[in-house]
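> After the structure tokens below, expect a handful of questions from me.
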Amino acid sequence: MSDISGARVIGGRTFDFSRQVVVMAIVNRTPDSFHDQGRTFALEKATEAVRAAAAEGADWIDIGGVPFAPGPEVTAAEELDRVLPVVEAAQDLAVVSVDTFRPEVAAEVIKHGAGVVNDTSGLRDPEMADVVAGTDAQLVICHSLAAPRTEHPSPRYDDVTAEVGAFLREKVELALSRGVRPDQIIIDPGHDLNKNTLHSLEITRRLDEIAAIGYPMLAALSNKDFIGETLDRPQQERLAGTLATVVFSILRGARIMRVHDVRAASDAIRMTEAMLGWREPAYLRHNI
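So this is what it looks like as structure tokens:
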């Protein structure tokens with residue numbers, strides 16, 4: 020188990036997960052992305068989105084070139100063509116994270132300055148751990164049952180939170196055995212990845228059990244279907260539900276929140292930090 024009470028230097032910036040929550044913005048250079056539907060596929064639009072996310076309060080920017088969901092084949096070379104220019108554009112604005120399940124892509128983006136590799140496949144290819152070992156990059160280990168880009172209808176669990184926790188513990192041990200340091204590891208329970216709405220709600224309710232594994236926890240829940248199905252809201256009307264889920268997840272131990280609507284999420288996160296006594300108000304004037 021890792022001690023998450025100390026500070027970590029990530030992408031040249033220091034974060035104290037004992038009293039700080041990271042705002043991770045999402046910029047996808049894909050024509051078929053889950054939420055933005057290709058809005059930032061064009062390079063110019065992607066770089067504009069990077070600058071806007073940083074201006075709105077993003078600490079990290081997660082850049083993706085291939086969605087998790089099924090779709091047309093994207094080669095490693097094509098993925099790199101998509102993400103590397105955005106990695107370079109984000110360099111001086113925030114910590115750069117790259118969402119990829121390919122070790123060869125991870126190796127290149129680390130060379131180009133990425134501080135985080137966000138592996139939604141959960142080390143399906145153990146070489147991902149080899150690539151991160153010996154570098155200064157962080158490795159996000161995410162729970163999923165199926166390989167990215169493949170269908171997995173009607174997933175079944177006896178106890179979803181316990182099974183996700185066991186998976187993450189096993190993959191953490193795999194990473195450690197291949198030379199990844201404890202202070203490089205981040206875990207993610209994988210909301211909605213091969214899970215239905217009841218599974219994602221149960222995991223969220225019991226996130227403290229995942230946090231107890233002992234590594235900083237990322238929650239990627241922004242605008243997801245479990246929020247839409249719970250509230251009966253279409254894709255573009257899930258912000259209020261997302262913000263409620265973000266605050267609840269922080270109280271259950273999440274420390275990195277992957278979000279689409281950076282300004283609103285940043286306000287909710289910073290307000291939560293202040294109420295927890297972790298952050299001072301921006302200014303004091305009322306009744307002073």
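Taking my numbering, the leading residue of the sequence shown gets 20, the next gets one more, and so forth.
Ideal Cβ placement from N, Cα and C applies to all residues, glycine included.
Given the structure is predicted, the values throughout are model-derived calculations rather than measurements.
Taking Cβ positions, are Lys243 and Ser219 nearer each other than 9 Å?
Yes.
> Quick one: Cα of Leu195 to Cα of Cys161, how far?
Going from the Cα of Leu195 to the Cα of Cys161 covers about 15 Å.
> I'd like to know whether the C-beta atoms of Leu158 and Ile204 end up nearer to each other than 9 Å.
Closer than 9 Å, so yes.
> Name the two residues that bound the continuous alpha helix (DSSP H) containing Phe245.
Asp244 to Leu250 is the extent of the alpha helix (DSSP H) around Phe245.
> Is the stretch 272 to 289 in contact with the stretch 66 to 79, if contact means three or more CB pairs nearer than 8 Å?
Yes, since at least three Cβ pairs between the stretch 272 to 289 and the stretch 66 to 79 fall closer than 8 Å, the two stretches touch.
> If you draw a straight line from the C-alpha of Ala238 to the C-alpha of Glu67, how long is it?
Computed Cα separation, rounded: 25 Å.
> For Asn306, count the other beta carbons within 10 Å of its own beta carbon; 16 or more makes it buried, fewer makes it exposed. Which is it?
The residue is exposed, with fewer than 16 neighbouring Cβ atoms inside 10 Å.
> In chain order, which alpha helix (DSSP H) runs of at least 4 residues are fully inside the stretch 55 to 95?
Correct list: 62 to 74.
> Around the C-beta of Arg70, are 16 or more other C-beta atoms found within 10 angstroms, so that it is buried, or is it exposed?
Per the 10 Å Cβ criterion, exposed.
> Within 10 Å of its beta-carbon, does Met290 have 16 or more other beta-carbons around it, so buried, or fewer, so exposed?
Under this definition Met290 is an exposed residue.
> Which runs of the beta strand (DSSP E) fall wholly inside the stretch 166 to 236 and span at least 3 residues, in chain order?
Listed in chain order, the complete beta strand (DSSP E) runs (minimum 3 residues) inside the stretch 166 to 236 are 204 to 207.
> How is Thr33 classed by DSSP in three states: helix, strand or coil?
Note: Thr33 maps to strand in three-state DSSP.
> Closest to Val115 by CA distance: which of Thr216, Arg274 and Asp155 is it?
Of the listed residues, the one whose Cα sits closest to Val115 is Asp155.
> Considering only the beta carbon of each residue, do Ile246 and Thr261 sit closer than 9 Å?
Against a cut-off of 9 Å, the Cβ pair of Thr261 and Ile246 comes out as a contact.
> Check whether the stretch 173 to 187 and the stretch 206 to 226 are in contact - that is, three or more C-beta pairs closer than 8 Å.
Yes: at least three Cβ pairs fall under 8 Å.
> Which term fits His171, buried or exposed, when burial requires 16 or more other beta carbons within 10 angstroms of its beta carbon?
Under this definition His171 is an exposed residue.
> Taking 8 Å as the cut-off, does the stretch 125 to 134 touch the stretch 91 to 106 (at least 3 CB pairs, one atom from each stretch)?
Short answer: they touch.
> Using a Cβ-Cβ cutoff of less than 8 Å, which residues in the same chain neighbour Arg197 once the five nearest sequence positions on both sides are dropped?
Excluding sequence neighbours, Arg197 sits near Pro145, Ala148, Asp149 and Ala152.
> On the three-pair Cβ rule with 8 Å, is the stretch 41 to 48 touching the stretch 82 to 90?
Yes: the two stretches touch, three or more of their Cβ pairs being nearer than 8 Å.
> Let's test the definition: count the other Cβ atoms within 10 Å of the Cβ of Val28 and tell me whether it reaches 16, buried, or not, exposed.
Exposed is the call here.
> By Cβ distance, which residues of its chain are closer than 8 Å to Val136, with the 5 residues on each side in sequence left out?
Cβ neighbours of Val136 beyond the five flanking positions: Ser116, Val117, Thr119, Ala125, Val128, Ile129, Met147, Val150, Val151, Ala156, Gln157, Leu158 and Val159.
> Give me the residue from Leu240, Leu258 and Lys64 with the minimum Cα distance to Lys214.
Minimum Cα distance to Lys214 is reached at Leu240.
> What residue does the alpha helix (DSSP H) around Val278 start on, and which one ends it?
It is not in any alpha helix (DSSP H) - Val278 instead sits in the beta strand (DSSP E) that spans Ile275 to Val278.
> My guess is that Thr139 and Phe87 are in contact by the Cβ rule of under 8 Å, so how many angstroms apart are they, rounded?
Right, the Cβ-Cβ distance comes to about 5 Å (below 8 Å), so this counts as a contact.
> In whole angstroms, what separates the C-alpha of Pro235 from that of Gln110?
So the alpha carbons of these two residues sit roughly 23 Å apart.
> CB-CB under 7 Å to Glu228, same chain, minus the five flanking residues each way: which ones, in chain order?
Contacts found: Thr180 and Gly184.
> To the nearest angstrom, how far is the alpha carbon of Thr94 from that of Arg168?
Their backbone Cα atoms lie some 12 Å apart in a straight line.
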